[in-house]
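Inspection log for the structure reproduced underneath, given as structure tokens.
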Amino acid sequence: MSDVSIAGDPLAFPHLGRTDLPAHPTTVAGHARLVREIAADRARWEPLVRFDALTRWYARLETGPGYEVWLLSWLPGQSTGFHDHGDSSGVMTVVQGELVERSLTAAGDGARTLRPGGRRVFSSGYLHEVVNASLEPAVSIHLYTPGLTEMTQYAAAQPEQQAQPQASALAERRAAAQSAAH
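Numbering (the working numbering), first residue to last: 24 to 205.
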């Protein structure tokens with residue numbers, strides 16, 4: 024039996040042979056370009072913006088092979104808390120208002136204010152916090168590659184120490200390691 028007899032004639036399904044589909048980004052530069060293009064297309068994302076007094080609001084704007092793009096809105100004081108994105112890396116940009124990003128580095132606590140057009144690229148395992156520290160609402164666009172499947176939250180960090188995972192499994196592993204050492 025041939026493939027054509029099993030699946031049918033592929034030319035009978037013209038949508039399967041399309042060549043006019045957009046190219047999907049596969050590099051950091053391509054991901055940054057896509058975020059810039061989406062950010063510049065206000066008509067695409069602005070009607071979707073909502074603000075929630077209880078939590079940051081978000082909506083998925085796009086998915087493609089190996090990535091997804093999210094729209095987030097932030098009221099004053101709303102924050103992610105310190106977190107990482109697991110195995111995902113990404114690009115974020117502010118399109119309205121301003122956000123403060125705090126990252127923990129070997130040199131201590133680094134903070135930067137992101138205003139419209141300000142962009143951050145981050146690798147997997149990057150530990151940071153994003154907060155709307157202003158008195159005005161903010162909106163941002165985030166691309167994650169691969170798509171975001173995990174986000175580890177960390178306890179509030181002190182400048183003199185690294186943030187510690189909140190997961191009780193980590194505390195259990197430490198206790199087991201201490202018991203085994205004695």
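Note that beta-carbon positions come from the ideal geometry of N, C-alpha and C, so glycine has one too. Just so we're clear, the structure is a prediction, and the values are computed from it rather than from any experiment.
{"Query": "Residue range of the alpha helix (DSSP H) that Ala63 falls in?", "Result": "Val51 to Ala63"}
{"Query": "Quick check on this structure: which residue in Ile61, Val114, Asp64 and Gly53 has the alpha carbon closest to the alpha carbon of His165?", "Result": "Val114"}
{"Query": "Can you list, in chain order, the residues of its chain whose CB lies under 8 Å from that of Arg67, leaving out five sequence neighbours each side?", "Result": "Ile61 and Leu84"}
{"Query": "Is it true that the CB of Glu121 sits closer than 8 Å to the CB of Arg135?", "Result": "no"}
{"Query": "Counting C-beta neighbours from all protein chains within 10 Å, is the total for Leu77 16 or more, i.e. buried, or is it exposed?", "Result": "exposed"}
{"Query": "Report, in whole angstroms, the separation of the C-beta atoms of Thr175 and Gly109, which I expect to be a contact under 8 Å.", "Result": "7 Å"}
{"Query": "Exposed or buried, Pro99, counting other C-beta atoms within 10 Å across all chains shown (16 or more means buried)?", "Result": "exposed"}
{"Query": "Short check: CB of Leu171 to CB of Ser96, under 8 Å?", "Result": "no"}
{"Query": "Closest by CA to Phe105, which one among Tyr90, Ser146, Asp75 and Ser126?", "Result": "Ser126"}
{"Query": "Quickly, what does DSSP pair Tyr149 with across the bridge? List them, please.", "Result": "Looking at the DSSP assignment, Tyr149 forms no beta bridge with any residue, so it has no partner."}
{"Query": "Work out the CA separation of Leu150 and Ala161 for me, nearest whole Å.", "Result": "21 Å"}
{"Query": "Anyone know if the C-beta pair for Ser163 and Val118 falls short of 8 Å?", "Result": "yes"}
{"Query": "Please return the same chain residues whose Cβ sits closer than 7 Å to the Cβ of Thr50, not counting the five positions on each side in sequence.", "Result": "none"}
{"Query": "Taking only beta-carbon atoms, is Leu150 less than 8 Å away from chain B?", "Result": "The question asks about chain B, but that chain is absent: this structure has only one protein chain."}
{"Query": "For Pro88, collect the residues of the same chain with a Cβ closer than 7 Å to its Cβ; drop the 5 residues on either side in sequence, then sort them by chain order.", "Result": "His47"}
{"Query": "Classify Arg143 as buried or exposed, calling it buried when 16 or more other Cβ atoms lie within 10 Å of its own Cβ.", "Result": "buried"}
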